[in-house]
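**Student:** Take this structure, written in structure tokens, and hold onto it; I'll ask about it next.
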Amino acid sequence: MSNTTGNSSTHEFQAEVKQVLDIVIHSLYTDREIFIRELVSNAADALEKMRLTQLTEKEVYGAELPLEIHITTDEAAGTLTIADHGIGMTRTELVENLGTIAHSGSKAFAAALKNAGKSNEASLIGQFGVGFYSAFMVADEVRVHTHSWRMEGEPLVWTSTGAGTYSIEDSAEEVRGSRIVIKLKEDALEFCRPDRVKSVLGKYSNFVGFPIQLNGERVNTVEAIWLKSKDEVTEEQYKAFYQFTAHAFDEPSYRLHFQADAPLVINALLFLPDQNMEAFGMGQMEPAVGLYCKKVLIDPHPKKLLPEWMRFVRGVIDSEDLPLNISRESMQDSALVRKLGEVVAKRLLKFLDKEAQDDAKKFQEFYAKFSRFFKEGVATDYLNRDAIAKLLRFESSLTEKGEVIGLADYVSRMKEDQKAIYYQVAPSRNTIESGPYVEAFKSKGYEVLYLYESIDEYVVNSLREFDGKPLQAVNSNEVDLGDLANEGEALNEAETQMLCDWLKGRLASGVEDVRSGKRLVSSPALAITPDGEMTPQMRQMMRVMKPDEVEAPKVILEINPRHEIVKKLSALSVSDADSAQLVAEQVLDNALLSAGLLDDPQRIVARTEKIMERLLAK
Ligand SMILES: Nc1ncnc2c1ncn2[C@@H]1O[C@H](COP(=O)(O)OP(=O)(O)OP(=O)(O)O)[C@@H](O)[C@H]1O
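Count the sequence shown with the working numbering and you get residues 54 to 671, in order.
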């Protein structure tokens, strides 16, 4: 919403921004100094964009201005000013960028707010950061003087106290870039003291790729810590660099800093974050491992450098083998860049595999947050599939609930006569363990992996095998466990065959075949999807997307000739075919239910009532 009078307009902040501002202004967050880092990092981004714009655009407003950041303190006025000659903003951009939440940090913050209790709000600022809006932690009023790099731009000033609205007016200041003037709150006047500001800047200013001047004095020496050797960089520097380059507030889970000379000269410093921003329902992240050539940034978000699934990785890759004048467009098709990405991706996967072995618990915690990316990797990154597969983790019939193992562990404890890696896809441990499928595997001592997400099916189908062993679903038609050493009396072969034939005739609309099953121990029957048919998980997905187009399933019903129900059903089919029909239908529905194939559970109610009536009448 906006109101215009002359060239001045008042606008309301988007509802989410209001909510964020309300918390930023009123919370007692202790680490308020981070607002300087946020504004300096925005200034650096704007300068970086300007540098790239100058390479491609002929006409740039204020082309002669140096790419620098100027910070000034004014103790008398109680203000702190952060100015850059970056790309600046047009009127539309001001509304879009400083009136709505479109960017990563505050979007995640707003999403997390929805789930957090009041008492956690301050800690959320610390975890996610709120970018530009963090200025309101210390400001009574913020003014943004700006002029876009575009020739048709105009000098503007954006003003707000953070309370619901902001205004945009014409300004007299015709300088390209942005100058942010913060009128400090009474309790934040420390931030107009030069020594205080200098000490805050000291923590990360050397990572900023442009000169920073504080009251006219240069405070940083631009330094590329990724070019240094590991022992020259302290833990604090690594952390500050990560938070600065990744606009992050968490501490990274993992860090990989390496130099290589062959096949390419590479200096890379990569970070794996602690928070998965995509988990906050904010859509896909942009790749954010910047590509540099001898300290010069070629592309901050190169799309074809690392595989797409690695978009959660942060950091820097620098290679002096790249031609300095490589454009961002040609970079995407460059064989050299592809090779560079391949080498780094391989190295990162190897590093993670080692980390996962050295500290399984830490990796498990990390994996729990980022598993989606690894699964996507197995399905899409053919080159690295096997290495990514090593990092997958699942619960299994041999783990406790909540504990996971990798495929390599699984293979190392496979039984000698075991032919495949077995798994079942189902929504929960309980569904799997109370169902009929795993019991035979357990009785043979074979471990079964429990896959709980529907995407898992796609993952195992893409993978097909691991370490030369095929992956096989426990409910697949192909499973052959040989003869199980089952105890107890069973129907003889002729009786079993007769019952199978009878069932096939009676259940014709729901079964393709009925046969005696070798893989049943304590359940009467189970359902198997015939070869070539959709698996239960695919079917469920289809049912969600196109409910009218999915037909009732026809399954193979395997019966257990040792089971009491089956034995009695055999006799009942001769003495009271009508009642036997009811039991047979119920056996099939129970099997469909366990298989995740029962579309209409309601019919069970009517049938069990009939069965009860008959039982009670006896
Ligand atoms: N100094 C500046 N010059 C030009 N544009 C700016 C400047 N500061 C902020 N902006 C614009 O305002 C937007 C919002 O800034 P904000 O700091 O809130 O988020 P961000 O930097 O995009 O995201 P994040 O901090 O989460 O990575 C920026 O994306 C940018 O387009």
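Note that CB positions come from ideal geometry on N, CA and C, so glycine has one too.
#1: Go through its chain and collect everything with a Cβ distance to Q296's Cβ below 7 Å, but skip five positions before and after it.
#2: How long is the line joining the alpha carbons of P489 and L622, rounded to whole angstroms?
#3: Mark H79 as exposed unless 16 or more other C-beta atoms lie within 10 angstroms of its C-beta, in which case mark it buried.
#4: Along the chain, where does the beta strand (DSSP E) containing I221 start, and where does it finish?
#5: I'd like to confirm something about D439: is its beta-carbon nearer than 7 Å to some heavy atom of ligand 1, or not?
#6: Considering only DSSP beta bridges, list what A321 is partnered with.
#7: Tell me the residue span of the alpha helix (DSSP H) that contains L100.
#8: According to DSSP, is P523 part of a helix, a strand, or is it coil?
#9: With DSSP collapsed to three states, give me the class of Q337.
#10: Compute every distance between the C-beta of S481 and the non-hydrogen atoms of ligand 1, then say whether any falls below 7 Å.
#11: Taking 8 Å as the cut-off, decide whether the C-beta atoms of V70 and T134 are in contact.
#12: When we look at the beta-carbon of N437 and count the other beta-carbons within 10 Å, is it buried (16 or more) or exposed?
#13: How should P326 be labelled, buried or exposed, when 16 other C-beta atoms within 10 angstroms of its C-beta is the threshold for buried?
#14: Pull up the distance between the alpha-carbon of E339 and that of Q328, whole angstroms please.
#15: Span of the beta strand (DSSP E) holding Y503?
#16: Are there any heavy atoms of ligand 1 lying less than 7 Å away from the beta-carbon of L209, as far as the coordinates show?
#17: What residues in its chain sit with their C-beta under 6 Å from that of R85, if we drop five residues either side in the sequence?
#18: What residue from P264, L444, R90 and E604 has the CA that sits closest to A421's CA?
#19: Using CA coordinates, which residue listed in S187, F519 and D652 is at the minimum distance from I597?
#20: Please name the residue in Q550, S562, L641 and A630 whose C-alpha comes closest to that of I581.
#21: Where do the ends of the alpha helix (DSSP H) carrying K620 lie?
#22: Between G206 and H200, which are expected to be in contact by the criterion C-beta below 8 Å, what is the C-beta distance as a whole number of angstroms?
#23: Quick one, which of A493, F519 and V478 has its alpha-carbon nearest D462's?
#24: Under a three-way DSSP split, which group does Q477 fall into?
#25: Taking its Cβ as the centre, do 16 or more other Cβ atoms sit within 10 Å of V658, making it buried, or is it exposed?
#26: Expressed to the nearest angstrom, what Euclidean distance is found between the alpha-carbon atoms of E611 and V574?
#27: Please state the DSSP three-state secondary structure of D303.
#28: Expressed to the nearest angstrom, what Euclidean distance is found between the alpha-carbon atoms of G139 and R104?
**Tutor:** Straight from the coordinates:
#1: Along the sequence shown, read from residue 1 onward, the residue named residue 296 stands at position 243. These residues qualify, in order along the chain: F302.
#2: Residue 489 sits at position 436 when you count from the first residue of the sequence shown. Residue 622 sits at position 569 when you count from the first residue of the sequence shown. For P489 and L622, the distance between alpha carbons rounds to 19 Å.
#3: Here residue 79 is taken as the residue at index 26 of the sequence shown, counted from 1. By the neighbour-count criterion, in which a residue is buried when 16 or more other Cβ atoms sit within 10 angstroms of its Cβ, H79 is exposed.
#4: As a first step, residue 221 must be located in the sequence shown, where it is residue number 168. Unbroken beta strand (DSSP E) run through I221: T218 to D223.
#5: For the purposes of this step, residue 439 is taken as the residue at position 386 of the sequence shown. No, the Cβ of D439 stays beyond 7 Å of every heavy atom of ligand 1.
#6: Counting from one through the sequence shown, the residue named residue 321 turns up at place 268. BP columns for A321 point to F311 and I370.
#7: Position 47 of the sequence shown holds residue 100. Where L100 is concerned, the enclosing alpha helix (DSSP H) stretches over I87 to T109.
#8: One-based indexing of the sequence shown puts residue 523 at position 470. Of the three classes helix, strand and coil, the one that applies to P523 here is strand, per DSSP.
#9: On the sequence shown, residue 337 is found 284 positions in, with the first residue counted as 1. Coil, per DSSP.
#10: Sequence index remark: in the sequence shown, residue 481 carries index 428 (1-based). No, the beta carbon of S481 sits no closer than 7 Å to any heavy atom of ligand 1.
#11: Start at 1 with the first residue of the sequence shown, and residue 70 comes out as number 17. Start at 1 with the first residue of the sequence shown, and residue 134 comes out as number 81. It is not a contact, given that the beta carbons lie outside the stated cut-off.
#12: Taking the first residue of the sequence shown as 1, we reach residue 437 at position 384. N437 is buried by the Cβ-count criterion.
#13: As a first step, residue 326 is located in the sequence shown; it is residue number 273 there, counting from the start. By the 10 Å Cβ count, P326 comes out buried.
#14: Taking the sequence shown and counting its residues from 1, one reaches residue 339 at position 286. Taking the sequence shown and counting its residues from 1, one reaches residue 328 at position 275. Rounded to the nearest whole angstrom, the CA to CA distance from E339 to Q328 is 15 Å.
#15: Residue mapping note: residue 503 aligns to position 450 of the sequence shown, counting from 1. Here the beta strand (DSSP E) through Y503 covers V501 to L504.
#16: For this step, residue 209 is matched to residue 156 along the sequence shown. No, the Cβ of L209 stays beyond 7 Å of every heavy atom of ligand 1.
#17: Along the sequence shown, read from residue 1 onward, the residue named residue 85 stands at position 32. Result list for R85: M190 and V191, in chain order.
#18: Residue mapping note: residue 421 aligns to position 368 of the sequence shown, counting from 1. Answer by Cα proximity: L444.
#19: Looking up residue 597 in the sequence shown gives position 544. For the sequence presented, residue 597 should be read as Val rather than Ile. Taking only the C-alpha atoms, the option nearest V597 is D652.
#20: Position 528 of the sequence shown, counted from the start, is the residue given in the question as residue 581. With distances taken between Cα atoms, I581 lies closest to L641.
#21: Start at 1 with the first residue of the sequence shown, and residue 620 comes out as number 567. E617 to S628 is the extent of the alpha helix (DSSP H) around K620.
#22: As a first step, residue 206 is located in the sequence shown; it is residue number 153 there, counting from the start. As a first step, residue 200 is located in the sequence shown; it is residue number 147 there, counting from the start. Correct: roughly 5 Å between the Cβ atoms.
#23: Walking along the sequence shown from the start, residue 462 turns up at place 409. Answer by Cα proximity: F519.
#24: The residue given as residue 477 occupies position 424 in the sequence shown. Note: Q477 maps to strand in three-state DSSP.
#25: Residue mapping note: residue 658 aligns to position 605 of the sequence shown, counting from 1. By the neighbour-count rule (16 or more Cβ atoms within 10 Å), V658 is not buried but exposed.
#26: Numbered from 1 along the sequence shown, position 558 holds the residue referred to as residue 611. Numbered from 1 along the sequence shown, position 521 holds the residue referred to as residue 574. When rounded, the distance between both Cα atoms is 12 Å.
#27: Indexing the sequence shown from 1 puts residue 303 at position 250. Three-state result, D303: coil.
#28: In the sequence shown, counting from the first residue as 1, residue 139 sits at position 86. In the sequence shown, counting from the first residue as 1, residue 104 sits at position 51. Roughly 8 Å separates the two Cα atoms.
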